[in-house]
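Q: Take a look at this one; I'll ask things after.
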Amino acid sequence: MSKTRSQVVSIIIGLVLAGLFLYFTFRQTDFSAMTDQILRVSWVDTLILFLMTIAMMLFRGARWWMLLPQPHTKGELWAAERALAIGYGINNVASRIGELFRIGFFKKDTGRDLGGITTTVVADRLVYDMMPFAFLMSLTLYIYRGPVMEAFPEIGRAFPLFLIAIGIGLVGLTILALRPLFLKHILIKFGLPKLPGLWNRIDHLITDLSNGLATVSKPIPFLKILIFNTIFIWGLTMVYYYLSVRPFGIQLDAGQLLLVFTVSSLGVLIPSPGGMGSVHFFMTTALVSFLGVEQTTAAAAAAYSHGINYLGLTLCAVFFFPFARPIEKAPEA
């Protein structure tokens, strides 16, 4: 009962946050002009972005499938894509809860061990999503400290500590991915077990990630999937951002693309459903503050960019949902 209540509270908080961010994004926007700009976008541009959204999701599903312990059973790649698509679709309605459905649907379709599935999901999200994002964030803050401080002066005091924290986090995640037991040994040397509440959580996380990354625990397999992740997922995502703002007359060079992409991605960290409102707010702020784009045009670009992605992921969930491929025998771990 308490878990259900917590999930309901989380959904309500996410919806409230989405509403607030949508209000702050569009309160000074000319809706008529914004709609006209969006409707003028070529259907070819829209189709390309829609297909890119589907491709990014499929590549993420393949990445997760690659993390699963061998041997892979026939039909598991489809099951991974299906579970991921449904998870994303649910996240578009109830933030963060989609991961639980992702695990549940994959277990139902494949019969794999629940613990094994969960650990690969944790590794997939924390190492291959959060680690690249933390790297991009630290790189952006280092290169564009001045513009970021001007746009967000409230983080000026915390900037050095924030950058140090990201650096430590990147090193820690890398060690955790390649040598989890070594990291655990270091933390024990620093006396972390003396804080049982914190240590139990960290110990559990290290165990989960160690199990979840067992397939790529050696440097070469780890680098292979990292390169796959960088080129086909993060690279495609950056291109998506670049193409999504061009129809609005916004031209981005490489540095501006990095800046707008990173700031916009902050919206994903906020627990609003599918980044609703939060992505709009940060992307609009980035375009207005860093590139001097007019407010209505920036809001139109943000609404269009996020809308195509949101719609694409939702339709993928609807498409995959009825096509379960149960696998009778689970593979040996």
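Residues in the sequence shown are numbered consecutively from 1, following this note's numbering. All residues carry an ideal CB built from backbone N, CA and C; glycine is no exception. Note that the coordinates shown come from a computational prediction; the quantities given were computed from them, not determined experimentally.
(1) Under the rule that 16 or more other beta-carbon atoms within 10 Å means buried, what is W234, buried or exposed?
(2) Classify I225 as buried or exposed, calling it buried when 16 or more other Cβ atoms lie within 10 Å of its own Cβ.
(3) Just tell me which of F323, T297, L313 and L311 has its CA closest to the CA of F31.
(4) Using a 10 Å radius around the Cβ and a threshold of 16 neighbouring Cβ atoms, would you call I12 buried or exposed?
(5) Would you tell me roughly how many angstroms separate the C-alpha atoms of F340 and G275, rounded to the nearest one?
(6) Starting from the C-beta of T262, find all residues in its chain whose C-beta is less than 7 Å away, skip the five residues before and the five after it, and write them out in chain order.
(7) Taking only runs that begin and end inside the region 216-270, name each unbroken alpha helix (DSSP H) of 4 or more residues, in chain order.
(8) Checking 8 Å against the spacing of the C-beta atoms, do G87 and G75 come in under that value?
(9) Considering only C-alpha positions, which residue in the set R40, D129, T53 and F21 is nearest to Y310?
(10) Looking at the unbroken alpha helix (DSSP H) that takes in N91, where does it start and where does it end?
(11) Quick one: any contact between the region 255-269 and the region 229-244, if contact means 3 or more CB pairs under 8 Å?
(12) Return helix, strand or coil for L100, following the three-state DSSP convention.
(13) Do you know offhand how far V293's Cα is from I250's?
(14) Three-state secondary structure (DSSP) at M57?
(15) Please state the DSSP three-state secondary structure of G312.
(16) If I measure Cβ to Cβ from M56 and keep anything under 8 Å in the same chain, skipping five residues before and after, which residues do I get?
(17) For N229 and A62, what's the separation of their Cα atoms in angstroms?
(18) Determine the extent of the alpha helix (DSSP H) in which L136 is found, giving its start and end residues.
(19) My understanding is that Y242 touches L258, with C-beta atoms under 8 Å, so please give their C-beta distance in whole angstroms.
(20) Shortest alpha-carbon distance to F222 belongs to which of L67, M149, R40 and P71?
(21) Please report the distance separating the alpha-carbon of F21 from that of P71.
(22) Quick check on this structure: which residue in F133, I103 and R112 has the alpha carbon closest to the alpha carbon of V122?
(23) CB-CB under 6 Å to G14, same chain, minus the five flanking residues each way: which ones, in chain order?
(24) Cα-Cα, which of Y128, G191, L287 and V9 is closest to R335?
(25) If I measure Cβ to Cβ from F388 and keep anything under 7 Å in the same chain, skipping five residues before and after, which residues do I get?
(26) Taking the C-alpha atoms as reference points, what is the distance between H280 and A303?
(27) Taking the straight line between their C-alpha atoms, what separation do you get for A324 and A317?
(28) By DSSP, does D113 sit in helix, in strand, or in coil?
A: Checking against the coordinates, here is how it stands:
(1) Counting from one through the sequence shown, the residue named residue 234 turns up at place 234. With 16 or more other Cβ atoms inside 10 Å of its own Cβ, W234 counts as buried.
(2) Here residue 225 corresponds to residue number 225 of the sequence shown, with the count starting at 1. By the neighbour-count criterion, in which a residue is buried when 16 or more other Cβ atoms sit within 10 angstroms of its Cβ, I225 is buried.
(3) Here residue 31 is taken as the residue at index 31 of the sequence shown, counted from 1. For F31, the closest C-alpha among the options F323, T297, L313 and L311 is that of T297.
(4) Taking the first residue of the sequence shown as 1, we reach residue 12 at position 12. I12 comes out exposed.
(5) In the structure as shown, the chain starts at 1 and stops at 333, and residue 340 therefore has no counterpart that could be examined.
(6) In the sequence shown, residue 262 corresponds to position 262, counting from 1. So the list reads L136, M137 and T140, once near-sequence residues are dropped.
(7) Qualifying alpha helix (DSSP H) stretches, in chain order: 219-228, 235-245 and 254-269.
(8) Along the sequence shown, one-based indexing puts residue 87 at 87. Along the sequence shown, one-based indexing puts residue 75 at 75. Going by C-beta atoms, G87 is not nearer than 8 Å to G75.
(9) As a working note, residue 310 is residue 310 in the sequence shown. Looking at the Cα atoms, T53 is the closest of the given residues.
(10) In the sequence shown, counting from the first residue as 1, residue 91 sits at position 91. It spans E76 to N91 - the alpha helix (DSSP H) in which N91 sits, taken as one unbroken run.
(11) Yes: at least three Cβ pairs fall under 8 Å.
(12) For the purposes of this step, residue 100 is taken as residue 100 along the sequence shown, with counting starting at 1. Here L100 sits in helix by DSSP.
(13) Stepping through the sequence shown from its first residue, residue 293 is reached at position 293. Stepping through the sequence shown from its first residue, residue 250 is reached at position 250. The straight-line gap from Cα to Cα measures roughly 8 Å.
(14) Position 57 of the sequence shown, counted from the first residue, corresponds to residue 57. Looking at M57 - three-state DSSP - the assignment turns out to be helix.
(15) Stepping through the sequence shown from its first residue, residue 312 is reached at position 312. DSSP places G312 in helix when its eight states are reduced to three.
(16) Counting from one through the sequence shown, the residue named residue 56 turns up at place 56. For M56, where only same-chain residues beyond five positions count, the Cβ hits under 8 Å are I233, L236, T237 and Y240.
(17) Here residue 229 corresponds to residue number 229 of the sequence shown, with the count starting at 1. Here residue 62 corresponds to residue number 62 of the sequence shown, with the count starting at 1. In this structure, the straight-line span from the alpha carbon of N229 to that of A62 is close to 10 Å.
(18) Your numbering for residue 136 matches position 136 in the sequence shown. In the DSSP annotation of this structure, the continuous segment of the alpha helix (DSSP H) that includes L136 starts and ends at M131 to I143.
(19) Walking along the sequence shown from the start, residue 242 turns up at place 242. Walking along the sequence shown from the start, residue 258 turns up at place 258. That pair is no contact at about 10 Å.
(20) The sequence position of residue 222 within the sequence shown is 222, counting from 1. Measuring from the Cα of F222, the nearest candidate turns out to be L67.
(21) To locate residue 21, count along the sequence shown from 1; it is residue 21. To locate residue 71, count along the sequence shown from 1; it is residue 71. Those two C-alpha atoms are separated by around 45 Å.
(22) Within the sequence shown, numbered from 1, the residue matching residue 122 stands at position 122. For the set F133, I103 and R112, the Cα lying nearest the Cα of V122 is the one of I103.
(23) Taking the first residue of the sequence shown as 1, we reach residue 14 at position 14. The beta carbon of G14 sits closer than 6 Å to the beta carbons of S95, P271, S272 and P273 from its chain, once the five residues preceding and following it are set aside; these are given in chain order.
(24) Since the displayed the chain opens at 1 and closes at 333, residue 335 lies outside it and no answer follows.
(25) With the chain covering only 1 through 333, there is no way to say anything about residue 388.
(26) On the sequence shown, position 280 is the one that residue 280 refers to. On the sequence shown, position 303 is the one that residue 303 refers to. So the alpha carbons of these two residues sit roughly 6 Å apart.
(27) Indexing the sequence shown from 1 puts residue 324 at position 324. Indexing the sequence shown from 1 puts residue 317 at position 317. A324 and A317: Cα-Cα distance of roughly 12 Å.
(28) Counted from its first residue, the sequence shown places residue 113 at position 113. Residue state, collapsed to three classes: coil.
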